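Q:
Protein chains: 2
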Amino acid sequence: MSQPKKLHLTAFMRPVSLHTGAWRYPGSYPDANFNLAHLKSFIQKLEAAKFDAFFMADHLAVLNMPLDALKRSHTVTSFEPFTLLSALSAVTEKIGLAATASTTYDEPYHVARRFASLDHLSGGRAAWNIVTTGNPESAKNFGLEEHVEHSERYKRAREFYDVVTGLWDSFADDAFIRDQETGVYFDPAKLHVLDHKGESLKVRGPLNIARPVQGWPVIVQAGQSEPGKQLAAETAEVVFCSPRDLESAKALYRDIKDRAVAAGRDGDQLKILPAALIIVGDSVEDAKRKRLKLDSLVHYDSAIASLSVALGSDASKFDPDGPLPADIPDTNASKTGRAGVIKLARDEGLTVRQLAGRYGGYAGLAFVGTPESIADEMAVWLAEEGADGFTVVSPFLPEGLDDITGKLVPELQRRGLFRTEYEGSTLREHLGLPRPKNRFFE
Amino acid sequence: MSQPKKLHLTAFMRPVSLHTGAWRYPGSYPDANFNLAHLKSFIQKLEAAKFDAFFMADHLAVLNMPLDALKRSHTVTSFEPFTLLSALSAVTEKIGLAATASTTYDEPYHVARRFASLDHLSGGRAAWNIVTTGNPESAKNFGLEEHVEHSERYKRAREFYDVVTGLWDSFADDAFIRDQETGVYFDPAKLHVLDHKGESLKVRGPLNIARPVQGWPVIVQAGQSEPGKQLAAETAEVVFCSPRDLESAKALYRDIKDRAVAAGRDGDQLKILPAALIIVGDSVEDAKRKRLKLDSLVHYDSAIASLSVALGSDASKFDPDGPLPADIPDTNASKTGRAGVIKLARDEGLTVRQLAGRYGGYAGLAFVGTPESIADEMAVWLAEEGADGFTVVSPFLPEGLDDITGKLVPELQRRGLFRTEYEGSTLREHLGLPRPKNRFFE
Numbered sequence: 008m009s010q011p012k013k014l015h016l017t018a019f020m021r022p023v024s025l026h027t028g029a030w031r032y033p034g035s036y037p038d039a040n041f042n043l044a045h046l047k048s049f050i051q052k053l054e055a056a057k058f059d060a061f062f063m064a065d066h067l068a069v070l071n072m073p074l075d076a077l078k079r080s081h082t083v084t085s086f087e088p089f090t091l092l093s094a095l096s097a098v099t100e101k102i103g104l105a106a107t108a109s110t111t112y113d114e115p116y117h118v119a120r121r122f123a124s125l126d127h128l129s130g131g132r133a134a135w136n137i138v139t140t141g142n143p144e145s146a147k148n149f150g151l152e153e154h155v156e157h158s159e160r161y162k163r164a165r166e167f168y169d170v171v172t173g174l175w176d177s178f179a180d181d182a183f184i185r186d187q188e189t190g191v192y193f194d195p196a197k198l199h200v201l202d203h204k205g206e207s208l209k210v211r212g213p214l215n216i217a218r219p220v221q222g223w224p225v226i227v228q229a230g231q232s233e234p235g236k237q238l239a240a241e242t243a244e245v246v247f248c249s250p251r252d253l254e255s256a257k258a259l260y261r262d263i264k265d266r267a268v269a270a271g272r273d274g275d276q277l278k279i280l281p282a283a284l285i286i287v288g289d290s291v292e293d294a295k296r297k298r299l300k301l302d303s304l305v306h307y308d309s310a311i312a313s314l315s316v317a318l319g320s321d322a323s324k325f326d327p328d329g330p331l332p333a334d335i336p337d338t339n340a341s342k343t344g345r346a347g348v349i350k351l352a353r354d355e356g357l358t359v360r361q362l363a364g365r366y367g368g369y370a371g372l373a374f375v376g377t378p379e380s381i382a383d384e385m386a387v388w389l390a391e392e393g394a395d396g397f398t399v400v401s402p403f404l405p406e407g408l409d410d411i412t413g414k415l416v417p418e419l420q421r422r423g424l425f426r427t428e429y430e431g432s433t434l435r436e437h438l439g440l441p442r443p444k445n446r447f448f449e
Numbered sequence: 008m009s010q011p012k013k014l015h016l017t018a019f020m021r022p023v024s025l026h027t028g029a030w031r032y033p034g035s036y037p038d039a040n041f042n043l044a045h046l047k048s049f050i051q052k053l054e055a056a057k058f059d060a061f062f063m064a065d066h067l068a069v070l071n072m073p074l075d076a077l078k079r080s081h082t083v084t085s086f087e088p089f090t091l092l093s094a095l096s097a098v099t100e101k102i103g104l105a106a107t108a109s110t111t112y113d114e115p116y117h118v119a120r121r122f123a124s125l126d127h128l129s130g131g132r133a134a135w136n137i138v139t140t141g142n143p144e145s146a147k148n149f150g151l152e153e154h155v156e157h158s159e160r161y162k163r164a165r166e167f168y169d170v171v172t173g174l175w176d177s178f179a180d181d182a183f184i185r186d187q188e189t190g191v192y193f194d195p196a197k198l199h200v201l202d203h204k205g206e207s208l209k210v211r212g213p214l215n216i217a218r219p220v221q222g223w224p225v226i227v228q229a230g231q232s233e234p235g236k237q238l239a240a241e242t243a244e245v246v247f248c249s250p251r252d253l254e255s256a257k258a259l260y261r262d263i264k265d266r267a268v269a270a271g272r273d274g275d276q277l278k279i280l281p282a283a284l285i286i287v288g289d290s291v292e293d294a295k296r297k298r299l300k301l302d303s304l305v306h307y308d309s310a311i312a313s314l315s316v317a318l319g320s321d322a323s324k325f326d327p328d329g330p331l332p333a334d335i336p337d338t339n340a341s342k343t344g345r346a347g348v349i350k351l352a353r354d355e356g357l358t359v360r361q362l363a364g365r366y367g368g369y370a371g372l373a374f375v376g377t378p379e380s381i382a383d384e385m386a387v388w389l390a391e392e393g394a395d396g397f398t399v400v401s402p403f404l405p406e407g408l409d410d411i412t413g414k415l416v417p418e419l420q421r422r423g424l425f426r427t428e429y430e431g432s433t434l435r436e437h438l439g440l441p442r443p444k445n446r447f448f449e
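Listed below in structure tokens is the structure:
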């Protein structure tokens, strides 16, 4: 009899939270962006709960919104991912450490080296979240006037991946002999010079670091565009995505796994972990109240602007404390978007102000309920192949995280849906992923 | 009455040692390049001995020597500095953390960000060793066929420094209000957009991280060429240099301090710390024996090639176990170099093999003796303004380091030449350096 399928869980983190109102939530740590002690307590809780990985988001620019909205946001200033995750590697033992690194605004030699180093430092717990950097403001911090165009970014990303993985294979796993007697430190026959000359990149190598503990750090990808899905299918081992609901998640799951198989891969070697905001309450109503409270902490000016974008119509003229008007004028904006807002307003009976808080805060997939109701939902997603697990977004910290690790995880463990002990020492072992062979050596 | 002058001590590290024979020394850890536990023990010993900083050297290429020599060297593969120092920041509390970062093969936005992040993570202990990357093999790992030319590298380095320090000043020290009541996270009036457009670099900013704890991480420079000395005089707060002896050290000390004053700086705000290999023995003879033993572990093929370069003449035809012949033919190579070799052979009575081991291992400034004799020498260097302290190079680890922290440092402390407690919490406080003002804000 085969083992029952289990969920994989990673924690998607900006230090304070992804939700722009979270830093104002009672009991939160608004200075967590630059307070290592808080982050240490977060990751140690996640490790005690046996999470697969701690996943650090990233931005390469500050000015990605108008200053009046920006001044209310904690999300764009924080520790840099490699320095933070390296520090956290020294105070943890098992949990994976996923860092975001851009293929558009960095060099493959640097990226390969830092991930290899993090993998050695952590005993095989590193993962690379490949991003092409969507924020057009980033270009201006790296000598360019214009953002690099989308298809150009994806072409470079694919080549960048080949170069980085090739650099990781610079030394055979057994290249370093370190024979004090004969004085031979490594076997030169087990050193490969990559000598890559491609369309976007030219990198000789070899990398100045031994092959990573995991062979290659785990590859993570979040793309949902066509080239993004294709890149994920060809290269990713963990896919982080944002489906609206179970139906769209199942379609995306099948699409990406089919593409992976078409690219000659085993679909099981690619784990699909949709991002989900998780709010746990003593009752479903209690959880919903927490969410309304959280959404209400997004400043109305920022919130109403986000709602207007989602509606494709200026929402600032509506009565904030009344229901969404029935006669919203038709525009050229996405009809799906508007229909979603209208459905949400009706389903949850939200006022304009509450709707605005939702769109200004976090409007993606959310599980809001009791440990039991959320475990029920997650079990369905796993059984129906909407997900292999979740990229968990905490609503506010530390309380929202404590609810997840202290209440939801034990419920999942009771049902046999989540591990009670780590399977091994490396992130690949947690995820059930094979260690890649070295392409240049047996 | 003013305090008597004290030495500053930093430890210059490649994980195993700078000396190419060190990994073969009895009791050494040949795998320290990729073994965090060893490095943790090294830095904790240095912190217990109250060293100012742990200083990590760096390379951006492997193939900087012929493969037959390379295979015997532990020096070109190791952890990457930022990931390593960040991990070590989590297991230390006071000691400074100096990382090497290249101005030629990296982006100022990345460099500014990583140092700011390390400074926040460590509570104000970061230092940036500015290098322009001398190894011509590095270019090939970053898309270039040819190494960037020397004066071009230094021009870019100067501008790079301006951009990085400008980015560190993006936010006023009190920009982050984090007022949960009003919902204002930072004061937009205290955000500066750098908008740098120079000859070599174009960077908009602002940096996506709060101003570093130290204002700016401490600036370290190692240049000894004319443009290197000038860059150091204009920007450095710690100068790491390699004078042959006290006389040349005094001249260099005076030269760099005069240049700093001419550039409008206070000479005291620039600490000159020559690199010195330190070998401690129970007697001077015992220390010398350790050194001969260490030098003998450099493979003869590599060693004799280094001696030939120093002599400007093929030394492989000499009798390895005889003295240096008296009639070495004149060549176009440096007469100073040859004279130095001849003097060394005569002063220490070394055979050709022993001389070769010296040049293949570490031929720079060295203090070899008892704790008392080395403390005597250091006191003279300090009193005569040859140095404000030393960049200590350990001959082999852990034993050679234990001798320094356990025998030499206590002797220096007994004489009042070195601190017995840290003066404060930040590296600037250890070094007696002021916290730089923000150039854009009061």
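Each protein sequence line maps, in turn, to chains G and U.
Final position of the first sequence in the working numbering is 449; the numbers increase by one with none missing.
Final position of the second sequence in the working numbering is 449; the numbers increase by one with none missing.
Beta carbons: idealized from backbone N, C-alpha and C, even for Gly.
Because the structure is a prediction, the values reported are computed rather than measured.
1) Compute the Euclidean distance between the alpha carbons of U:D273 and U:L238, then round it to the nearest angstrom.
2) Along the chain, which unbroken stretches of the beta strand (DSSP E) at least 3 residues long are found entirely within the stretch 55-141 of chain U?
3) For a contact meaning CB atoms closer than 7 Å, what does G:K209 contact in chain U?
4) Can you tell me whether G:A243 is helix, strand or coil according to DSSP?
5) For G:I381, which of helix, strand or coil comes out of DSSP?
6) Could you give the uninterrupted runs of the alpha helix (DSSP H) lying entirely in the stretch 313-400 of chain U, keeping only those of 4 residues or more?
7) Ignore the nearest five residues each way along the sequence and tell me which others in U:K197's own chain have a CB closer than 8 Å to its CB.
8) Roughly how many whole angstroms lie between the Cα atoms of G:F403 and G:Y32?
9) Who are the neighbours of G:R435 on chain C, taking C-beta pairs under 8 Å?
10) So the alpha helix (DSSP H) G:L438 belongs to, where does it begin and stop?
11) Taking only beta-carbon positions, decide if U:Q6 is within less than 7 Å of chain G.
12) Would you mind working out which of U:R132, U:A123, U:L74, U:D113 sits nearest U:L95, comparing C-alpha positions?
13) Any idea what DSSP makes of U:Q276, helix, strand or coil?
14) For U:L16, name the three-state secondary structure that DSSP assigns.
15) Taking the straight line between their C-alpha atoms, what separation do you get for G:L128 and U:L208?
16) Can the beta-carbon of G:V155 be found less than 7 Å from the beta-carbon of G:T111?
17) Candidates U:G34, U:L259, U:P213, U:R266: which alpha carbon is nearest U:A119's?
18) When we look at the beta-carbon of G:A44 and count the other beta-carbons within 10 Å, is it buried (16 or more) or exposed?
19) Alpha carbon to alpha carbon, how far is G:E379 from G:L3? Give it in angstroms, no decimals.
20) Taking only beta carbons into account, state which residues of the stretch 147-180 of chain U come closer than 7 Å to chain G, listed in chain order.
21) Could you name the residues of the same chain whose beta carbon sits closer than 8 Å to that of G:L253, not counting the 5 residues immediately before and after it, in chain order?
22) Just to confirm before moving on: does the CB-CB distance between G:R121 and U:N148 stay below 7 Å?
23) Taking the beta carbon of G:E100 as the centre, do at least 16 other beta carbons fall within 10 Å, making it buried, or is it exposed?
24) Please classify G:Q231: does DSSP put it in a helix, a strand, or coil?
25) Which of the residues in the stretch 20-46 of chain U, read from start to end, lie with their CB under 9 Å from any CB of chain G?
26) Is it right to say G:H157 is buried, meaning 16 or more other beta carbons lie within 10 angstroms of its own, or is it exposed?
27) For U:P336, which of U:R79, U:T139, U:K57, U:G319 has the nearest alpha-carbon?
28) Within this structure, are the beta carbons of G:F61 and G:L104 separated by less than 7 Å?
29) Which of helix, strand or coil does DSSP assign to U:F448?
30) Taking 7 Å as the threshold (beta carbon to beta carbon), is G:T84 in contact with chain U?
31) Distance, Cα to Cα, G:P88 vs G:S109?
32) What three-state label does DSSP hand U:Y192 in the structure shown?
33) For U:K78, return the contacting residues in chain G, with the cut-off set at a CB-CB distance below 8 Å.
34) For U:A269, count the other beta carbons within 10 Å of its own beta carbon; 16 or more makes it buried, fewer makes it exposed. Which is it?
35) One question on the structure: do G:G367 and G:S303 come within less than 7 Å of each other, judged by their Cβ atoms?
36) Under 8 Å by Cβ, that's how I've got U:T84 and G:I216 pegged, so tell me the actual separation to the nearest angstrom.
A: On the basis of the data shown:
1) 15 Å
2) 60-63, 103-109, 133-138
3) G150
4) coil
5) helix
6) 342-355, 359-368, 378-390
7) F178, A179, D181, A182, F448
8) 7 Å
9) Of the chains in the structure shown, none is chain C; the protein chains are G and U.
10) 434-438
11) Any answer about residue 6 of chain U is impossible in this case: the structure gives chain U only from 8 up to 449.
12) U:R132
13) helix
14) strand
15) 33 Å
16) yes
17) U:P213
18) exposed
19) Lying outside 8 to 449, the shown extent of chain G, residue 3 of chain G is not represented and no answer is given.
20) K147, N148, F149, G150
21) V387, W388, E391, G393
22) no
23) exposed
24) coil
25) G28, W30, R31, Y32, P33, S35, P37, D38, N40, F41, N42, L43
26) exposed
27) U:G319
28) yes
29) coil
30) yes
31) 12 Å
32) strand
33) V191, Y192, F193, D194, P195
34) exposed
35) no
36) 6 Å
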